[in-house]
Each structure stands twice: as C-alpha cells, then as structure tokens.
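Heads up: the protein sequence lines correspond to chains Z and D, in order. First residue of the first sequence? That's 3 in the working numbering, and the numbers climb one at a time after it. First residue of the second sequence? That's 3 in the working numbering, and the numbers climb one at a time after it. Where is the CB? At the ideal position from N, CA and C, for every residue including glycine.
There are 2 protein chains.
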Amino acid sequence: MEARHLPTIQDITSASKTIFGVACVTPLVEAPALSRRFGRQVFLKLECFQPTGAFKIRGAYNKISKVMESHVVAASSGNHGIAVAYSSHLLGKKCTIVVPENAVEEKIRRMEDFGAEIVKFGKYSDERGTKAKKLAKEYGAALVHPYDDPDIIAGQGTCGLEIVSQLKEFDSVIFPVGGGGLISGSSIAIKTKKPDVKVFGAEPEGAPKLHEALRAGHPITLESPKSIADGLIPNSVSELTFEAVKKHVDESFTVSDNHILAAVKLLLKDAHVLAEPSGAASLAVLLSTHDLSALGERVVIVVSGGNISLSLLSQLLSNR
Amino acid sequence: MEARHLPTIQDITSASKTIFGVACVTPLVEAPALSRRFGRQVFLKLECFQPTGAFKIRGAYNKISKVMESHVVAASSGNHGIAVAYSSHLLGKKCTIVVPENAVEEKIRRMEDFGAEIVKFGKYSDERGTKAKKLAKEYGAALVHPYDDPDIIAGQGTCGLEIVSQLKEFDSVIFPVGGGGLISGSSIAIKTKKPDVKVFGAEPEGAPKLHEALRAGHPITLESPKSIADGLIPNSVSELTFEAVKKHVDESFTVSDNHILAAVKLLLKDAHVLAEPSGAASLAVLLSTHDLSALGERVVIVVSGGNISLSLLSQLLSNR
Numbered sequence: 003m004e005a006r007h008l009p010t011i012q013d014i015t016s017a018s019k020t021i022f023g024v025a026c027v028t029p030l031v032e033a034p035a036l037s038r039r040f041g042r043q044v045f046l047k048l049e050c051f052q053p054t055g056a057f058k059i060r061g062a063y064n065k066i067s068k069v070m071e072s073h074v075v076a077a078s079s080g081n082h083g084i085a086v087a088y089s090s091h092l093l094g095k096k097c098t099i100v101v102p103e104n105a106v107e108e109k110i111r112r113m114e115d116f117g118a119e120i121v122k123f124g125k126y127s128d129e130r131g132t133k134a135k136k137l138a139k140e141y142g143a144a145l146v147h148p149y150d151d152p153d154i155i156a157g158q159g160t161c162g163l164e165i166v167s168q169l170k171e172f173d174s175v176i177f178p179v180g181g182g183g184l185i186s187g188s189s190i191a192i193k194t195k196k197p198d199v200k201v202f203g204a205e206p207e208g209a210p211k212l213h214e215a216l217r218a219g220h221p222i223t224l225e226s227p228k229s230i231a232d233g234l235i236p237n238s239v240s241e242l243t244f245e246a247v248k249k250h251v252d253e254s255f256t257v258s259d260n261h262i263l264a265a266v267k268l269l270l271k272d273a274h275v276l277a278e279p280s281g282a283a284s285l286a287v288l289l290s291t292h293d294l295s296a297l298g299e300r301v302v303i304v305v306s307g308g309n310i311s312l313s314l315l316s317q318l319l320s321n322r
Numbered sequence: 003m004e005a006r007h008l009p010t011i012q013d014i015t016s017a018s019k020t021i022f023g024v025a026c027v028t029p030l031v032e033a034p035a036l037s038r039r040f041g042r043q044v045f046l047k048l049e050c051f052q053p054t055g056a057f058k059i060r061g062a063y064n065k066i067s068k069v070m071e072s073h074v075v076a077a078s079s080g081n082h083g084i085a086v087a088y089s090s091h092l093l094g095k096k097c098t099i100v101v102p103e104n105a106v107e108e109k110i111r112r113m114e115d116f117g118a119e120i121v122k123f124g125k126y127s128d129e130r131g132t133k134a135k136k137l138a139k140e141y142g143a144a145l146v147h148p149y150d151d152p153d154i155i156a157g158q159g160t161c162g163l164e165i166v167s168q169l170k171e172f173d174s175v176i177f178p179v180g181g182g183g184l185i186s187g188s189s190i191a192i193k194t195k196k197p198d199v200k201v202f203g204a205e206p207e208g209a210p211k212l213h214e215a216l217r218a219g220h221p222i223t224l225e226s227p228k229s230i231a232d233g234l235i236p237n238s239v240s241e242l243t244f245e246a247v248k249k250h251v252d253e254s255f256t257v258s259d260n261h262i263l264a265a266v267k268l269l270l271k272d273a274h275v276l277a278e279p280s281g282a283a284s285l286a287v288l289l290s291t292h293d294l295s296a297l298g299e300r301v302v303i304v305v306s307g308g309n310i311s312l313s314l315l316s317q318l319l320s321n322r
C-alpha cells in the first residue's frame, strides 16, 4: 500500500503534466457584471468547461494513470463516476461504477457512454462505498476513492496551481466543498505560491462537514447531510483532506439552498455560464454574506461543475 | 467626412490596442462534448463573456474613442445600444439610444444603467435609423451605426485577430451574420493571417440577406426579415461590409429558427454556455447540415452574444 501523505507542490506540478491534454486548462475570466454587482473584481474559474463537465477529471485521471490494475472500481452517483469512466476509457482500463438505485438516468448514460459497467446498489453513500470495496476485491481491481487519496488530491490541486499561474494578483479564492479533495489540493498549491491569498470553502447549510470540523479541530461525521447541491453532501471530510485544510484554509462558509439556486441563476444571467448547484455554492457566499470585506478587492470564484439536467434547470427558472 | 474604405489588418491591430482592457480577450475553448457529437474538433469563441454580453463592445468602443463630439447617438433595440451606452459611459460622453416602442425592458434598463438617455420611437429599424440621424443633427452629436462604418468593422475584426492568435491550426470559422460587421472585419484579419482557413456565415432562413447578396453579387434588401434571432434581422448588409465579405467569405449558410433554438439548448447542455439565439446561429449550422466535410476537422464556432432573458430561456426549456 502506498504512503498516505499529503501531496507536495512537486506532486501537484507533476500531476499537471500527467493530465495535460486530458483535463483542460480551464479559462479564468473576470465577470464584469458580477464585479459591478459586488463592488469588487469577481473572477470565475470555469471547471464546468472540463471534458466531463466538472473538476473531477483532474484527480481521476492522475490517479488512474498510476494504477497498475487493468480494472478500476468507484462508487459515485455523479461527477466522480463520470470522470473515472472517462479516464478509464482513455487509459484502456475496465471500469465499474457503483451508483445508487435512484441515480439520475442522464448521469448513468454518460458513464455508460464511456464504456463503464454500472452496478446499482442501495441509496446511501456508505452502502455504495462498502459495495465498491467488495467488488474491487472480488475483481482484483483498484478502488478509486473520490477524495481520500493523495493522487486524487494532487490532481485536484492542479486547479489551484492554474489559478496562480493565470492571475497575477488576487486576494481570495472560494471553492465548493464536498469531501475536500479540491480545496485541500488547491490550497496547498495556492498557499505555497501565494501565502497571502485567503482560501475559503463554501458548503451547504445542510451539510457543513468542513465548517464543523474546523470548529472541532478534527473531522466530524454528520447525521444526515442534505442539500440541493448533491455533490457537496458526503457526511465528512477525510483525515487526509482535513490535514491540508486545517493548515491552509482560512474559513468555510455555509450557504442556504436558496442562495445556491440564486447563484445558479445569477451565473446564467450575469456571466452566461451554466453551473450545477454544487458548482455555484462558491458564488452563493457573495449572495449570503453582508460583509464581503474578508474577500478583498479581487476574488476568484471556482465554478466546480456544470452537470445540471435541463429539466432541473427548467424547474428552477420557472419558480421565479 | 472620413474616407469610407475597409479597414486593413493594421487598422484592426490598432483597434485591438484601443479596446485593450475594455473589451475582453474572450476565451477560445474546445467543447469536448460537441467535438464527440460532431466528429471533429469544435472550438467556441465566447463573445458572450464580453462586459456587455456580446461582441458589439469591440466596434462601439473603437469607434467612440475616435469621435470628437461629446455626445453620441445610436439606433438599436439591443446589443449595439448596450455597447454604445457602456463605451460612452467609459469615455465620458453623453449618449442617446433610439429604441423601438416595443423594446425589451431588460435591455433598456441595461442601457440606462450606463447612463444612456432612451428615446422610444416606432417599431421598425428604418424608422429608428432616420430618427437617430435627425437627433444626432439636432444635438450636434456623432451617429454610431451598428455596422456600416470602417471603425466599427475594424473593432469587430479584433475578434478574428484574436482567434488566429489563440489557435494555431484550424480549418474553418463560422460567424453569425446580422449587418455583416463582425464577419467582414474578422474575415479580413483571418484571411490575411491564415489564407487557407474557410470563413462561413450563419443567418436565419427568415433573414438571408448575406446569402442572397452573395448569389446576386451585390447587397439586396429583404422585404420583411423575421427570426427568433433578433440580432440577425437587418434587411440588408451594407456596401462596405459586403465588399469584404465578397472577397473573404466562402459561404453563408441559412438555418431555421428551430435549429437556432436547438443550438441554444445544446450549448447549455454540452458546453455549459448560455447564448442568445443570435449568438447560437453559428452552432445551428452543424445541426442543420448533413455533410459537415466543408468545415474540416477543426471548426471555430463564434458564440457572438449571450443576452437572452431568463424568461425566454425558461419558455425554451419548458417546450421540450
């Protein structure tokens, strides 16, 4: 078993070479209408432009390119599963994704498009994880965890590395937080290159795993996390991601589902970008916080994904 | 009166310096899901990310920065008016926009936000144009035409100039066509730098002014142009824009309103980008043409604007 230590800036730089040509260097653009609205420069890092529609491809491809086994297994109802399926397809590996019984057909179809075998099992994340572990053992396959893995964290860290190379001066960055893979890897890159930049998390009020962990000083397990932002509801961060976060992340803000949905609409209207609710949680911070001074004059909003179904979007727009 | 000659590549390069820091160098990104769908590399040039939501800021700012008068007048129901208002605001000039009596409130509000005086007049483009001319004379103001002007054309040409600097190798570019300002200026830049690249137009079946002009060999005037793409329905291109188009544009394809709306949805779903119908006409070509071989292996789709109201978008999504 490989060593379980956090990736260094060298690991992240190396990951960015590994994923070159597979994951995109996504655009980092100012959104002038948002800048006017919030009285400070607002930049968007558009991870929704990744080939799989979300940042997850960074970590998944970095991990799977290092795996010796010819078969990989993952548990996921969404973006991680799509990224693992796509990476396995590119790397010529067999791929099995364990999805919940009630998974969205659209997402399953995308995994199948990349040749993944789909196993429907249970309803909860824990059940899926256990099933995936079992299957991996049975198949002699590698299990690809969505965030609790140094190679996944290093891959997601390339997002932060890109930000510091794309923008000379900025004061803060806000990342949506699920299990903490994106913010932990990226905060290592950002604080190494620009120690003065503030790094913030954004998570749903109904799933404040990082906010609570930062208060407690250690990962805590939530009873029943719940949010419209279905990518941000693991019941805890991991020991590994928390180790980086504790050191490098300044604060994790919680936002209501209403503010998350308002942020999805605002990104459409003011920036012409389609984000999924999980991907817009970062912008929701600007809608729900009265005092934005902690963000400084130049804030980078990471729009981590865009895989919202058009039927959900349609509902959202008609409930105005 | 200034000379009425087409801009040269030097004029376009000079325009790109003039507009630097005002108009954005918009991202040019591959949309992998569209590439997979259409069996060739599909790149998007995202003019919907401009500060005013459409490419028009390029020409308007270039023109108005050269104007001696302290007051400018323009006729427009949409993106040109917003761009003229924004540019005037930045350059400290007074601004009057003549809009149709039935103009969309949302767009009027955006012009007013930038300090423009709004004059509602008539319903048709011709009436507005005449009224604007009259007002300009009365005010001693400069009239800013949306496309029939060398400085406007040079400004819009910076879009083409950026494309050739952003992408090393590509086979074709498709531009939405209204009065022809964008495609004429950009085709000068593209064919000067890359003579082998094909330049195509896309216009609504209900407003095929360029398609017909290319057949006739001179600009023609349409009786009653009509389309959901409200930015693409002038009744003719101008002598000036046609002069460039005749020389540099390979073909102008016509697309149905249904294909335009399908392209708006596809950009949302596959690329997570919000385009207005006029801005998506270029992608509609790929939906309506059976034989895509003329486009080559690498096609750039110019998404010229994103100012669609969320209520129209909502209607569009619920009519699935």
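Item                                                                                                                                                                                          : Value
Over the uninterrupted beta strand (DSSP E) stretch that includes glutamine 168 of chain D, give me the two end residues.                                                                     : Element bounds for glutamine 168 of chain D: not the beta strand (DSSP E) but the alpha helix (DSSP H), 152-168.
Are the beta-carbon atoms belonging to isoleucine 59 of chain D and leucine 93 of chain D less than 7 angstroms from one another?                                                             : no
Hey, does glycine 203 of chain Z have any beta-carbon neighbour from chain D nearer than 7 angstroms?                                                                                         : no
DSSP beta-bridge partners for glutamine 43 of chain D?                                                                                                                                        : D/Arg300
Would lysine 47 of chain Z pass as an interface residue toward chain D - the criterion being a Cβ-Cβ separation below 7 angstroms?                                                            : no
Taking methionine 113 of chain Z and alanine 87 of chain Z to be in contact with their CB atoms under 8 angstroms, please state how far apart those CB atoms are, rounded to whole angstroms. : 4 angstroms
Rounded to a whole number of angstroms, what is the C-alpha to C-alpha distance between alanine 118 of chain Z and glutamate 103 of chain Z?                                                  : 16 angstroms
Between valine 27 of chain D and chain Z, is any beta-carbon pair separated by less than 7 angstroms?                                                                                         : no
Check the Cβ-Cβ distances between valine 239 of chain D and every residue of chain Z, and say whether any is below 7 angstroms.                                                               : no
Nearest to isoleucine 222 of chain Z by CA position, among Z/Ser229, Z/Lys228, Z/Ile230 and Z/Leu212, is which residue?                                                                       : Z/Leu212
Using three-state DSSP, classify proline 279 of chain Z as helix, strand or coil.                                                                                                             : helix
Report buried or exposed for aspartate 151 of chain D, applying the criterion of at least 16 other Cβ atoms within 10 angstroms of its Cβ.                                                    : buried
If we define contact as Cβ-Cβ less than 7 angstroms, is leucine 184 of chain D a contact residue for chain Z?                                                                                 : no
Going by beta carbon distance, what residues of the same chain come within less than 7 angstroms of lysine 19 of chain D, once the five residues before and after it are set aside?           : none
Comparing the C-beta of arginine 111 of chain D with each C-beta of chain Z, is any distance below 7 angstroms?                                                                               : no
Thinking just about the alpha-carbon of each residue, which of D/Leu269, D/Phe255, D/Asp115 and D/Val301 is nearest to the one in phenylalanine 2 of chain D?                                 : Outside the displayed span of chain D (3 to 322) sits residue 2 of chain D, for which this structure offers no information.
Closest to arginine 111 of chain Z by C-alpha separation, out of Z/Ala85, Z/Ser295, Z/Ala144 and Z/Ser229, would be which residue?                                                            : Z/Ala85
Run the CB neighbour count on lysine 125 of chain D, radius 10 Å, all protein chains shown included, and call it buried at 16 or more, exposed below.                                         : exposed
With 7 angstroms set as the bound, which would you pick, yes or no: does the beta-carbon of threonine 20 of chain Z sit closer than that to a beta-carbon of chain D?                         : no
If you measure from the beta carbon of valine 1 of chain D to each beta carbon in chain Z, is any gap under 7 angstroms?                                                                      : Within the shown structure, residues of chain D are numbered from 3 to 322, placing residue 1 of chain D beyond reach of any answer.
Please name the residue or residues paired with lysine 96 of chain D in a DSSP beta bridge.                                                                                                   : D/His73
Taking the alpha helix (DSSP H) that serine 316 of chain Z falls in, what are its first and last residues?                                                                                    : 312-320
What do you reckon, are the CB atoms on alanine 156 of chain D and isoleucine 310 of chain D nearer than 7 angstroms?                                                                         : no
Given a cut-off of 7 angstroms, decide if threonine 243 of chain Z and tyrosine 149 of chain Z are closer than it, judged by their beta-carbon atoms.                                         : yes
How many Å lie between leucine 318 of chain Z and glutamate 214 of chain Z at the Cα?                                                                                                         : 30 angstroms
Do we get a CB-CB distance below 7 angstroms when we pair serine 320 of chain Z with the residues of chain D?                                                                                 : yes
Return helix, strand or coil for serine 54 of chain Z, following the three-state DSSP convention.                                                                                             : It is worth fixing the name first, because residue 54 of chain Z is threonine in this sequence and not serine. Reduced to three states, the DSSP call for threonine 54 of chain Z is coil.
On the DSSP bridge assignment, give the partners of cysteine 254 of chain Z in chain order.                                                                                                   : It should be pointed out that residue 254 of chain Z corresponds to serine in this sequence rather than to cysteine. The partner list for serine 254 of chain Z (beta bridge, DSSP) reads Z/Gly203.
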